[in-house]
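Everything below concerns the one structure shown next.
Residue numbers (the working numbering): 512 to 669.
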């Protein structure tokens with residue numbers, strides 16, 4: 512690339528030569544182009560060292576191997592955990608042996624009668640005092656209630 516910076520002007524079509532900048536800006540632009548061409552000539556004249564990219568490729572390959580190794584380790588751990596707990600799941604609590612009936616038929620009837628009397632009570636024995644209070648409260652409230660069609664009188668002290 513031993514072209515003179517002005518040779519760029521010669522490669523342009525004649526109508527674009529008129530569009531090329533002139534004055535101080537044109538000089539600066541030509542100097543910049545010349546510097547770029549000189550740098551490109553220097554870079555292409557030096558040989559590219561062998562293996563200049565091998566370090567980056569090795570790091571990339573090692574990173575990929577680590578990711579694959581991590582996923583393989585996780586999958587192996589999951590498989591071992593599953594196979595380790597599988598026998599525990601299969602041999603969980605055995606079924607309870609059937610209970611031998613030692614109660615006679617008379618005990619069943621007595622129990623059924625006891626349940627029948629407990630269910631027939633309107634209120635359990637522990638809540639009987641509250642039921643009595645509730646009955647007293649409803650009795651006094653029904654006597655003092657005004658009929659629905661009459662308006663309530665408000666007690667106002669004068």
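From the three backbone atoms N, C-alpha and C, an ideal C-beta is built for every residue, glycine too. A quick note: this is a predicted structure, and the numbers were derived from the prediction, not measured.
DSSP places residue 548 inside the alpha helix (DSSP H), whose first and last residues are 534-556.
For residue 573, the enclosing alpha helix (DSSP H) has its first and last residue at 565-601.
Separation of residue 546 and residue 553 (C-alpha to C-alpha, rounded to the nearest whole angstrom) is 11 Å. Residues of the same chain with a CB within less than 7 Å of the CB of residue 540, apart from the 5 flanking positions on each side, are 532 in chain order. Pairing residue 591 with residue 583, the inter-Cα distance amounts to about 12 Å. Residue 627 is not a Cβ neighbour of residue 634, given a cutoff of 8 Å.
Taken through DSSP and simplified to helix, strand or coil, residue 633 comes out as coil. Judged by DSSP in its simplified three-state form, residue 559 adopts coil rather than helix or strand.
DSSP places residue 530 in the coil class of the three-state scheme, outside both helix and strand.
A straight line joining the alpha-carbon of residue 572 with that of residue 555 spans about 30 Å.
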